[in-house]
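Trainee: Quick one: this structure, given as structure tokens, is what I'll be asking you about.
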Amino acid sequence: MKAARTGPDRYRPRLLASVAARLVSLAVFAVTTAFAAGASATSPLPIKAVVVTMFENGEARGDEPGELQFWAERSDIAQEYPFPLGEFPLFLTTDGVLILCVGGGIPNATASIMALGLDARFDLSRAYWLVAGISGGDPEDVSLGSAVWANHVVDGDLVYEIDGREIPDHWPYGFIPLGAKEPAQGPQDVSDGWTLDTIHFPLNPQLAAWAFETSRNVDIPDMPGIREFRKQYEGYPEAMRAPFVTRGDTLSASTYWHGGMLNTWANDWLRVYAGDDASFMTSNMEDSGTLTALHRLDRTGLVDASRVMVLRTVSNYTLPPPGKAPAWSTTAPYPDNGLPALEAAYRVGSAVIDAIIDGWDHYSDTLPGPADGDAAGDTATAALTAADVGIAAAPSASAGHAEADSSTVPVIFDTDMAIDDWAALLFLLREPAIDLRAVTVAGSGEAHCEPGERNALALMDLTRPGNAIPVSCGDPWPLDGYFVFPTAWQDDMDSLSGVPVPASEREPYDGHAVELIHAAIADSEQPVVLLATGPLTNIAQWLDRYPEDRNRVSRLVIMGGALDARGNIIVPGFTDNNPNTRAEWNLYVDPVAARRVLESGLPMELVGLDVTNHVQVTPVVAEAFKQRADNPAADFWSAVLDANDWFIDSGEYYFWDVLAALAVVDRERYCGGEPLALSVDYRYTDRPWPGTSDMDMPAANWRGKPRRHLDAESAGVLRLLPDAPATTLVCQQTDAEAAFEHFISTLTDAQGGAGDE
């Protein structure tokens, strides 16, 4: 038996180990410094982009691929650089792209990124950073193989935690935000917490939008394994789709978490730190470490954190399929061994890297924005003229309307079939410059779905007998919240104000409004114009479901909103007590949809109350129209004006939707303004606003999560986004006299109307 060590000898092994560790560290430092000295003997090598991967299964080339291998094998590698502080050598392409594998987990990612950032061999000050790796995906939002560009990265490790077996009965899970007192299920002030700067990392929205635009049409392979696996996710329509490219938010955590309760936590956690519009889509195990290091390096100017993009592709779901337990799916093998996600990370990511390299003369100093993407010709808002999109020349007030152009503009009309929508529909049918391809009814608006479809078909057949324009309705409620138009208004719209019209013998389109929008876009040889004159529910759902359609839309014209003008929610005799003085009805009823649409980056014109207040329908205007009515469509509108003389006399009736339709034809005359970056406010609350709420709506919102009440005072209020690209032309001036004459002559000119067949 050996005697116990006493005195200094007992510490000798620990001391020797410490000395050895220091010697190893010094050796590594010497190696790195030697490389750095060799580089700095001339000057650091300027890097245009850095591709950050997280793991590799074996070698960098030639065996079972991880995240690094496709980049190393398929790129034109000019040189390999030893990188002893990382997991693999650094690969430099002939185009100046550096490819890095940081190693799995937040600590590895933090250490490797910091080591590279301090490496004097490279000048990373103007480099773009692409994090490209696989992830878990929420089946509520994405499918296997899909690629998600992040808007926000949120860390899920810095929490108060209670063992799941000991949480109070009313808690949904055992995680509490730092600074809070119990689990948070929506945005709240947690500013008294600690290390908050390493929890939420908002990414550059302009760059994220551009990356999505650039890569949204990339072909992602749909392999047999994921096709078969996703069939199990009945009830999750997004999970059952073929792989697609989208935008969402990602949660970074050191644990490989799984299951329904933790999926709820992830969704809640994103909203706590990134805002209520955040949408959890992917889970990862590195990105908060990567972003922490990059933000530290940005403080010294070594990197530019505004040039960081995060792309996560879905290798597995965060929820088990129906009928399976989380314990099974947590360790279940990835379908197709994760190859679809690995392939997607390379294909989608390389499309963006290639675009940066191809445009380096510009992008070296100027960050790209949405208008620089694949759809640049379709998304540039302010520079478009009527001729650019094939619209007929501006009509003069005296001539009524111009001769039809040989290339009419294909239009999809998304309407809530209220009084002014009827007039806009008649105008679109008779205007020679317009090729009306489809009508979709926003069931969340003034008219209900079935009467809205029925009335649209009847008015189209009345105006243009023999037409085959399809009509379909969307969901009869907003994406979230319980807001509705007053019941008396809905009843009046359902009945066409009591004006009789022969019923159509046609049936509505056999499918949801979103499917009709998609089909009409696909059927058009030209990019289409979307005209939306009701709540934006259908448009938001279409953007979510078919992001690939965006480059086939030249512009979106919206009737909605009030920027500087007073709102119109408070209507005497109907909504006198509503606290909202700043919103317009279409945005108020579904502000969640409105925010998603206005922040989508689509080229838009907003025909709001600021400009429609110039086109009040007075008794003089109504009488001028009635004196010239000379066809069935005009006779119908004359009868509507008679039935609503009280509305006209009240001074509350304006040509809201008609002016938006006129702006489709001649933007310069009817929509003068400036491009702005806009969003829409809304806040969640536990208190319903009974005056404009329908409590019989489904308990689940559009994401399948609990429907929540919205604060009536803030819902639908426009706000400026100072750092976002200005993609919305806000109409503020119009030629009111010409607008009335253009409308009247189009509906009453027996020689020029498209309805005279």
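137 is the number of the first residue of the sequence shown in my numbering; add one for each residue after it. C-beta atoms are modelled at their ideal positions from N, C-alpha and C, and glycine is treated no differently. Bear in mind the structure is a predicted one, so any value in this text is a computation, not a measurement.
Measure the C-alpha to C-alpha separation of residue 790 and residue 713 and round it to an integer number of angstroms.
Mentor: The residue given as residue 790 occupies position 654 in the sequence shown. The residue given as residue 713 occupies position 577 in the sequence shown. In a straight line, the C-alpha of residue 790 is about 22 Å away from that of residue 713.
Trainee: Does the Cβ of residue 787 have 16 or more other Cβ atoms within 10 Å, making it buried, or fewer, making it exposed?
Mentor: One-based indexing of the sequence shown puts residue 787 at position 651. With fewer than 16 other Cβ atoms within 10 Å, it is exposed.
Trainee: Could you work out which residue in 726, 430 and 272 is closest to residue 375 when comparing CA atoms only?
Mentor: The count along the sequence shown starts at 1 and reaches residue 375 at position 239. The residue with the shortest Cα to Cα distance from residue 375 is 272.
Trainee: Can you tell me whether residue 215 is buried or exposed, with buried defined as 16 or more other CB within 10 angstroms of its CB?
Mentor: Stepping through the sequence shown from its first residue, residue 215 is reached at position 79. Result: exposed.
Trainee: What separation, rounded to the nearest whole angstrom, lies between the Cα atoms of residue 447 and residue 223?
Mentor: Locating residue 447 in the sequence shown gives position 311, counting from the first residue. Locating residue 223 in the sequence shown gives position 87, counting from the first residue. Cα to Cα, residue 447 sits roughly 21 Å from residue 223.
Trainee: Would you tell me roughly how many angstroms separate the C-alpha atoms of residue 555 and residue 611, rounded to the nearest one?
Mentor: By 1-based counting over the sequence shown, the position of residue 555 is 419. By 1-based counting over the sequence shown, the position of residue 611 is 475. Taking the straight line joining both Cα atoms gives about 20 Å.
Trainee: Cutting at 8 Å between CB atoms, please list the residues of its own chain near residue 773, excluding the five before and the five after it.
Mentor: Locating residue 773 in the sequence shown gives position 637, where the first residue counts as 1. Excluding positions up to five away in sequence, the list reads 558, 559, 562, 761, 765 and 883.
Trainee: Can you list, in chain order, the residues of its chain whose CB lies under 6 Å from that of residue 170, leaving out five sequence neighbours each side?
Mentor: Locating residue 170 in the sequence shown gives position 34, counting from the first residue. Only weak support exists for where residue 170 lies, its pLDDT of 47 falling under 50; the coordinates are left without a value.
Trainee: Assuming residue 290 and residue 385 form a contact by the criterion Cβ under 8 Å, report the distance between their Cβ atoms to the nearest whole angstrom.
Mentor: Here residue 290 refers to the residue found at position 154 of the sequence shown. Here residue 385 refers to the residue found at position 249 of the sequence shown. About 7 Å separates the two Cβ atoms, so the contact holds.
Trainee: So, with DSSP's three-state summary, where would you put residue 702?
Mentor: For the purposes of this step, residue 702 is taken as residue 566 along the sequence shown, with counting starting at 1. Coil, per DSSP.
Trainee: Within the same chain, show all residues whose beta-carbon is closer than 6 Å to that of residue 402, passing over the 5 residues directly before and after it, in chain order.
Mentor: Indexing the sequence shown from 1 puts residue 402 at position 266. Hits under 6 Å: 387 and 416.
Trainee: Check the DSSP bridge columns for residue 903 and list the partner residues they point to.
Mentor: A question about residue 903 goes unanswered here, because the residues of the chain that appear run from 137 up to 893.
Trainee: Are the CB atoms of residue 481 and residue 268 nearer to each other than 9 Å?
Mentor: Mapped onto the sequence shown, residue 481 falls at position 345. Mapped onto the sequence shown, residue 268 falls at position 132. Yes. Within cutoff.
Trainee: Taking the straight line between their C-alpha atoms, what separation do you get for residue 203 and residue 356?
Mentor: By 1-based counting over the sequence shown, the position of residue 203 is 67. By 1-based counting over the sequence shown, the position of residue 356 is 220. Distance between the alpha carbons of residue 203 and residue 356: 16 Å.
Trainee: Taking 9 Å as the threshold (C-beta atoms), are residue 383 and residue 279 in contact?
Mentor: Numbered from 1 along the sequence shown, position 143 holds the residue referred to as residue 279. Numbered from 1 along the sequence shown, position 247 holds the residue referred to as residue 383. No. Outside cutoff.
Trainee: Among 860, 237 and 242, whose alpha-carbon lies nearest the alpha-carbon of residue 813?
Mentor: Taking the sequence shown and counting its residues from 1, one reaches residue 813 at position 677. Closest option to residue 813, Cα to Cα, is 860.
Trainee: Quick one: complete alpha helix (DSSP H) runs, 4+ long, within the region 343-422?
Mentor: Fully enclosed alpha helix (DSSP H) runs of 4 or longer: 360-366 and 396-410.
Trainee: Who are the near neighbours of residue 662 in its chain, counting only those whose CB is closer than 6 Å to its CB and skipping five residues on each side?
Mentor: Within the sequence shown, residue 662 is the residue found at index 526, counting from 1. Cβ neighbours of residue 662 beyond the five flanking positions: 546.
Trainee: Kindly indicate the opening and closing residues of the alpha helix (DSSP H) around residue 785.
Mentor: Position 649 of the sequence shown holds residue 785. Segment 781-786, the alpha helix (DSSP H) holding residue 785.
Trainee: Does the Cβ of residue 856 have 16 or more other Cβ atoms within 10 Å, making it buried, or fewer, making it exposed?
Mentor: Here residue 856 refers to the residue found at position 720 of the sequence shown. Exposed.
Trainee: Going residue by residue through the region 628-706, where are the continuous alpha helix (DSSP H) segments of at least 4 residues, counting only ones entirely within it?
Mentor: The region 628-706 contains these whole alpha helix (DSSP H) runs: 649-659 and 673-681.
Trainee: Taking the alpha carbon of residue 314 as the reference point, which residue from 798, 455 and 335 has its own alpha carbon closest?
Mentor: The count along the sequence shown starts at 1 and reaches residue 314 at position 178. The residue with the shortest Cα to Cα distance from residue 314 is 335.
Trainee: For the pair the region 815-825 and the region 703-710, tell me if three or more CB-CB distances fall below 8 Å.
Mentor: Because the criterion of three Cβ pairs below 8 Å is not met, the region 815-825 and the region 703-710 do not touch.
Trainee: To test your reading of the DSSP string, which unbroken alpha helix (DSSP H) runs of 4 or more residues are found completely within the region 425-497?
Mentor: You should have 462-466 and 475-494.
Trainee: Would you give the residue range spanned by the beta strand (DSSP E) that residue 588 belongs to?
Mentor: As a first step, residue 588 is located in the sequence shown; it is residue number 452 there, counting from the start. Premise fails: residue 588 lies in the alpha helix (DSSP H), 585-599, not in any beta strand (DSSP E).
Trainee: Helix, strand or coil: which one does DSSP assign to residue 878?
Mentor: Position 742 of the sequence shown, counted from the first residue, corresponds to residue 878. Here residue 878 sits in helix by DSSP.
Trainee: Note down, in chain order, each residue of its chain lying with its Cβ closer than 6 Å to the Cβ of residue 895, except the 5 sequence neighbours on either side.
Mentor: This structure leaves residue 895 out entirely; the chain is present only between 137 and 893.
Trainee: Taking just the CA atoms, how far does residue 553 sit from residue 681?
Mentor: Mapped onto the sequence shown, residue 681 falls at position 545. Mapped onto the sequence shown, residue 553 falls at position 417. Rounded to whole angstroms, residue 681 to residue 553 spans 24 Å at the Cα level.
Trainee: Helix, strand or coil for residue 721 per DSSP?
Mentor: Taking the first residue of the sequence shown as 1, we reach residue 721 at position 585. Helix.
Trainee: Excluding five sequence neighbours on each side, which residues of the same chain lie with their C-beta closer than 8 Å to the C-beta of residue 836?
Mentor: For this step, residue 836 is matched to residue 700 along the sequence shown. So the qualifying residues of the chain are 842 and 843.
Trainee: Please report the straight-line C-alpha distance between residue 548 and residue 615, rounded to a whole angstrom.
Mentor: Locating residue 548 in the sequence shown gives position 412, where the first residue counts as 1. Locating residue 615 in the sequence shown gives position 479, where the first residue counts as 1. Taking the straight line joining both Cα atoms gives about 21 Å.
Trainee: Can you tell which of 350, 820, 238 and 256 has its C-alpha closest to the C-alpha of residue 285?
Mentor: Residue mapping note: residue 285 aligns to position 149 of the sequence shown, counting from 1. With distances taken between Cα atoms, residue 285 lies closest to 350.
Trainee: Check this for me: beta carbons of residue 668 and residue 578, under 9 Å apart or not?
Mentor: Translated into the one-based positions of the sequence shown, residue 668 becomes position 532. Translated into the one-based positions of the sequence shown, residue 578 becomes position 442. Yes, Cβ-Cβ distance for residue 668 and residue 578 is below 9 Å.
Trainee: Using CA coordinates, which residue listed in 673, 590 and 194 is at the minimum distance from residue 640?
Mentor: Along the sequence shown, read from residue 1 onward, the residue named residue 640 stands at position 504. Ranking the options by Cα distance to residue 640, first place goes to 590.
Trainee: From 597, 619 and 653, pick the residue whose C-alpha is nearest to that of residue 576; which is it?
Mentor: Taking the sequence shown and counting its residues from 1, the one referred to as residue 576 is at position 440. When each option's Cα is compared against that of residue 576, the closest is 653.
Trainee: Considering only C-alpha positions, which residue in the set 741, 780 and 620 is nearest to residue 726?
Mentor: For the purposes of this step, residue 726 is identified with residue 590 of the sequence shown, where counting begins at 1. Ranking 741, 780 and 620 by Cα distance to residue 726 puts 620 first.
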